[in-house]
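J.: FYI, the numbering used here numbers position 93 of the sequence shown as 82, with every residue one higher than the one before it.
We put the beta carbon where it would ideally sit given N, CA and C, even for glycine.
To start, I am sharing the structure in question, which I have written as structure tokens.
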Amino acid sequence: MSPRKILQDNKGFLAMDFIFGLVLVVGMMVIMTFFAFTLTTIEVAQYIVFSTARVGAVAHGTPNEAATKAQEKFQNIASQPAFAYLNNPNIFSFDSLFTGPIAGQVGDGFDGYGKQEAGEPSMNWGATAVLTPILLDFNLPYFGASTSNSGNPQELATTITSFLGRSPSQGECIRFNNQENRWAQGILSLANEYSAAPVVRYYRMEDNGC
């Protein structure tokens, strides 16, 4: 075949276009499926963390006991067969649970938020856990890698948080009620309406739970 006829021969171009379009469409379908599955899993993870924080918010004997009960709740729900994929090494990683005062635990932007000062009630208790969508760490033809360092899904890790506060523990209430002057040392020191300046129009009142 002469060079001119080779240049004029367009056989196979349609097949190449079809293959290119097929790979593009399949790649988009894979990406959309991964994102939909991840967003659904985030809702599941949020429910688990919320349930964990709710257990920790109950007035147990001590704050440490509340944290232990919350940890047990987290393990109990996350270990259910329906949620087994949350710790599948090829799909997701869901761990690093923390229950307690969250200020400074979440990371950038929250280091000073709700920081508890000495003698102030704990208002920033909750639970956090880290969800890593390992399945989003991919490298597809025409699309490239999803992370700057392929094979390092930790770049995609996100912190799931639930702020529910914490009721006073049994031990804290006993100590509070055993004070010699409970009004001056307990109620008066916690109540803003008794220490605010006269010009203040709004007074926030808080029940210490005991």
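Can you name the start and end residues of the alpha helix (DSSP H) that Ile149 belongs to?
T.: Looking at the DSSP string, Ile149 is not in any alpha helix (DSSP H); the run it does join, the beta strand (DSSP E), is 147 to 152.
J.: Using C-beta distances below 8 Å, list every residue in its chain close to Ala118, excluding the 5 sequence neighbours before and after it, in chain order.
T.: Same-chain partners within the cutoff: Ala34, Ile37, Val38, Thr41, Phe63, Phe83, Asp84, Ser85, Leu86, Phe87, Thr148, Ile149.
J.: Looking at Ala46: is its Cβ nearer than 8 Å to the Cβ of Ser158?
T.: no
J.: Looking only at its own chain, which residues have a Cβ that is under 8 Å from the Cβ of Pro130, when we skip the five neighbours before and after it?
T.: Val12, Gly16
J.: List the whole-angstrom C-beta distance separating Ser139 from Asp126, where the pair is believed to meet the contact cut-off of C-beta under 8 Å.
T.: About 7 Å separates the two Cβ atoms, so the contact holds.
J.: Are the beta-carbon atoms belonging to Thr51 and Gly160 less than 8 Å from one another?
T.: yes
J.: What whole-angstrom Cβ distance do Phe72 and Ile66 have, given they're in contact under 8 Å?
T.: 7 Å
J.: Report the start-end ranges of each alpha helix (DSSP H) in the segment 8 to 83 that is 4 residues or longer and not cut off at the edges.
T.: 52 to 67
J.: What does the alpha-carbon distance come out to for the pair Ile91 and Ala116?
T.: 7 Å
J.: Classify Val14 as buried or exposed, calling it buried when 16 or more other Cβ atoms lie within 10 Å of its own Cβ.
T.: exposed
J.: Since Ala4 sits in a beta bridge, which residues does DSSP pair it with?
T.: Paired residue(s): none; Ala4 is not in a bridge.
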